[in-house]
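Residue numbering for the sequence shown follows the working numbering, beginning at 64 and increasing consecutively.
Each remark here refers to the structure printed beneath this line.
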Amino acid sequence: MEKLSKGSKLYLALVFVVLYAPILFLVFYSFNSGGTMTNFKSFTLEHYKAVFEDTRLINILINTVVVALLSALISTMIGTLGAIGIVSIRNHKLRNTVLSLNNILIVSPDVIIGASFLILFTMVGVNLGFSSVLLAHVAFSIPIVVIMVLPKLQEMSSSLIDAALDLGASRRDILTRVILPYIKPGIFAGFFLALTYSLDDFAVTFFVTGNGFSTLSVEIYSMARAGVSLTVNAISGLVFFVTMLLVLGYYFITNRSKGARGSEVPK
Numbered sequence: 064m065e066k067l068s069k070g071s072k073l074y075l076a077l078v079f080v081v082l083y084a085p086i087l088f089l090v091f092y093s094f095n096s097g098g099t100m101t102n103f104k105s106f107t108l109e110h111y112k113a114v115f116e117d118t119r120l121i122n123i124l125i126n127t128v129v130v131a132l133l134s135a136l137i138s139t140m141i142g143t144l145g146a147i148g149i150v151s152i153r154n155h156k157l158r159n160t161v162l163s164l165n166n167i168l169i170v171s172p173d174v175i176i177g178a179s180f181l182i183l184f185t186m187v188g189v190n191l192g193f194s195s196v197l198l199a200h201v202a203f204s205i206p207i208v209v210i211m212v213l214p215k216l217q218e219m220s221s222s223l224i225d226a227a228l229d230l231g232a233s234r235r236d237i238l239t240r241v242i243l244p245y246i247k248p249g250i251f252a253g254f255f256l257a258l259t260y261s262l263d264d265f266a267v268t269f270f271v272t273g274n275g276f277s278t279l280s281v282e283i284y285s286m287a288r289a290g291v292s293l294t295v296n297a298i299s300g301l302v303f304f305v306t307m308l309l310v311l312g313y314y315f316i317t318n319r320s321k322g323a324r325g326s327e328v329p330k
């Protein structure tokens, strides 16, 4: 690739400053002992201490993590099988139609998706709470996993499957020993992206959550409406830190898998 010009580097730096400056500003004042976001007095961890001493907030955090892990796991399994099914469709028009329907769910506004799930759960009789939030998160995460897995499936040569069939492999063996190991980076990418989306989602969760159950994003919104509190900054800082760890973990796993595959190539 050609080297970036000075103008391009300056523009890229400006974009990152605009994106990250508000987050860093929020995290910076989460350590302020003054209690406001206008005058930094001294460094303190009392706001983070207040977060961990609030048992209700801890329960909400556990709810958020459990929903995110379960929804990411379930959506990864369904999305991976769905991507394999889409690639196996030989009719190009039907395949493009299914892909378009999948992509529509990704670009659709979260408010519309949340309102649709609320109407559906009300009609079916599903109680709003853990189950409704989990089902909604699985539903909007599946298209994301499909999009992440599809490129790996499309770049896989059909000769690998033909060779496995010639060697007497069953369909199950082809799936577990040929296809899944090859698309593993895409599966990991889909899982981590679904996990991140679930942790950060507010709009859909706001519609489908009920009394007695809440997630961190909904709780932060409620706390922020009540007034400026640096506890909100502390919670937001923790969420940002966890999300950053997830992204770093994803890059570590993908780079490690790429390095392992590269070392297997004979010189």
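No residue lacks a Cβ here, since even glycine has one placed at the ideal position from N, Cα and C.
Item                                                                                                                                                                     : Value
Buried or exposed: Ala257, going by 16 or more other Cβ atoms within 10 Å of its Cβ?                                                                                     : buried
Enumerate in chain order the residues of its own chain whose CB-to-CB distance from Phe303 is below 7 Å, with the five nearest sequence positions on each side excluded. : Ile86 and Val90
I believe Gly273 touches Val209 by the beta-carbon criterion, under 8 Å. Please report the beta-carbon distance rounded to the nearest angstrom.                         : So it is not a contact: roughly 29 Å between Cβ atoms.
So for Phe193, helix, strand or coil by DSSP?                                                                                                                            : helix
Around the C-beta of Ile250, are 16 or more other C-beta atoms found within 10 angstroms, so that it is buried, or is it exposed?                                        : buried
Counting beta carbon pairs with one atom in the segment 259–271 and one in the segment 281–293, are three or more of them shorter than 8 Å?                              : yes
Going by C-alpha to C-alpha distance, which of Ser195, Val150, Phe184 and Ala202 sits closest to Thr139?                                                                 : Ala202
Do the CB positions of Asn165 and Pro206 come within less than 8 Å of each other?                                                                                        : yes
Is DSSP giving Val78 helix, strand or coil here?                                                                                                                         : helix
Keeping to the same chain, check which residues put their C-beta closer than 7 Å to that of Ser261; ignore five residues upstream and five downstream.                   : Val130, Ala131, Ser134, Ala135, His200 and Ser204
To the nearest angstrom, report how far apart Ile237 and Tyr314 are at their CA atoms.                                                                                   : 27 Å
Looking only at its own chain, which residues have a Cβ that is under 8 Å from the Cβ of Val113, when we skip the five neighbours before and after it?                   : Per the sequence shown, the amino acid found at residue 113 is Ala instead of Val. Answer for Ala113: Thr294 and Ala297, listed in chain order.
Assign Asn95 to buried or exposed, taking buried as 16 or more other Cβ atoms, counted over all protein chains shown, within 10 Å of its Cβ.                             : buried
Could you check whether Phe276 and Phe193 sit closer than 8 Å to each other, using their CB atoms as the reference points?                                               : yes
What's the C-alpha gap between Gly148 and Phe115?                                                                                                                        : 45 Å
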